[in-house]
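Below is one structure; the comments refer to it alone.
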Amino acid sequence: MKLHYSKILLFSLLLIILVISSSNEHNKTKPYITPHTATTTSRVLIECNIYMPNYDNDPNMNSVKENFHKQTEQRFHEYDKRMIKNRQKRKEKCDKDIQKIIVKDKMEKSLVEKVEKGCLKCGYGLGGVATSVGVFGTAVVNELKRAAMATAIDAAIADGASAGKAAGDIVGAAKVVELIKSQLKVYKIANNPLRSIINVTNYTNEKLISGSIHSEFHATCISPGFDTSNSMCSIVETLDLVQGSVPVQEGSREAVIKITVTNILSDATKAAATENTKITTTQTAALKAKNMAAVHAEYNGYISSINASIIAILIIVFVMVIIYLILRFRRKKKMNKKLQYTKLLSQ
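With numbering that gives the first Met the number 0 as the guide, the letters of the sequence shown map in order to residues 0 to 346.
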């Protein structure tokens, strides 16, 4: 505005000079008669008249000045209106640009915030899952391992007892056969070996064994045409005659056989019980160690799988956190740039 005012003042000065020069030329060419009257010219200068323009009372000059002022004011008003209009247009354009930037920024911000929140929620969720898997998974596996260990121990005890009983029955049956051979000299029953008659299922059946031996004794030693050289006959007779050997009832050979078989079964049962205890102890210990090792190996694999899952989840959480931080940093950087640009547009 200062530049325009200076130009206007310069223009007015030039215009005034032009008007003055034209007025002087007009006065020179205009003929007029100078009266020859004696006048006294005072050459005293008044200080206030030195700076007084000599065209203040000129009506033409006043008219020109008025026209000039009117035109100048009109142009100033038009210029102000144009400036106001241009400013308004620029302001509206800036407002539109700012609004577009704001809308675009809101959309980008909303999208980025959604992604950030998604990453953050995913990180929180996976972190909670990792914690839950680590705590509850390990606890559940330990409980299952404890239950499996108890089951393995029970199975080892049961299997050890079964193995001990089987071994004891084998030893007991063999002991019965051995004692019958050594004490009663019976090697066969009905032409069948004793081992085919006495086995692990019936070696404690006193009635069956004593009845079978008595039938063999009767067929061999009492029936017509018996073999007197058979050692079973002499042994039974000796046991029947010798006082104090066995508590005989009325000298009955059947009672002698029965009592002898009862004593044999008692010894065989003791031998079977001893073997049963021995095998049960050793087999139970071995089976316990085997079953517990199997349980440890199985559930250690489960725990390793849980630990691997936890590590994988933690890695995913770490990646999510890094993505979240990168997105947040980029969003803040972009927001700062847009804020600076918005400030510049507002100015």
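Think of the CB as a built atom: it goes at the ideal place given N, C-alpha and C, for glycine as much as any other residue.
Residue j beta carbon less than 8 Å from that of residue i
| i | j | result |
| --- | --- | --- |
| I169 | V199 | yes |
| K184 | I258 | no |
| S209 | V176 | no |
| S211 | I221 | no |
| A154 | N290 | yes |
| L14 | F67 | yes |
| I100 | K331 | no |
| E274 | H213 | no |
| I152 | F216 | no |
Distance between beta carbons of residue j and residue i, contact taken as under 8 Å
| i | j | result |
| --- | --- | --- |
| E107 | L326 | About 11 Å; that fails the 8 Å criterion. |
| T279 | G163 | 3 Å |
| K187 | L193 | 7 Å |
| I305 | T137 | 6 Å |
| Y298 | K180 | 53 Å between Cβ atoms; not a contact. |
| M319 | C93 | With 8 Å as the limit, M319 and C93 do not qualify as a contact, their Cβ atoms being about 40 Å apart. |
| K206 | D266 | Rounded, the Cβ-Cβ distance is 18 Å, inconsistent with contact. |
Minimum C-alpha distance to residue i - residue among the options
| i | options | result |
| --- | --- | --- |
| E112 | N335, R329, K336 | R329 |
| A189 | G163, A218, Q73, K120 | A218 |
| G124 | N335, L338, I312, K332 | I312 |
| T414 | V63, S161, Y298 | The structure shown does not extend to residue 414, since the chain is modelled only from 0 through 346, so no value can be given for it. |
| Y202 | I152, A271, L143 | A271 |
| A147 | K287, V320, Q98, E253 | K287 |
| V316 | G117, F75, A165, V63 | G117 |
Residues that residue i bridges to, as DSSP identifies them
| i | result |
| --- | --- |
| N191 | I188 |
Cβ contact check for the segment 150–169 and the segment 311–328: 3 or more pairs under 8 Å:
no
Between the segment 69–89 and the segment 289–301, do at least 3 Cβ pairs fall closer than 8 Å?
no
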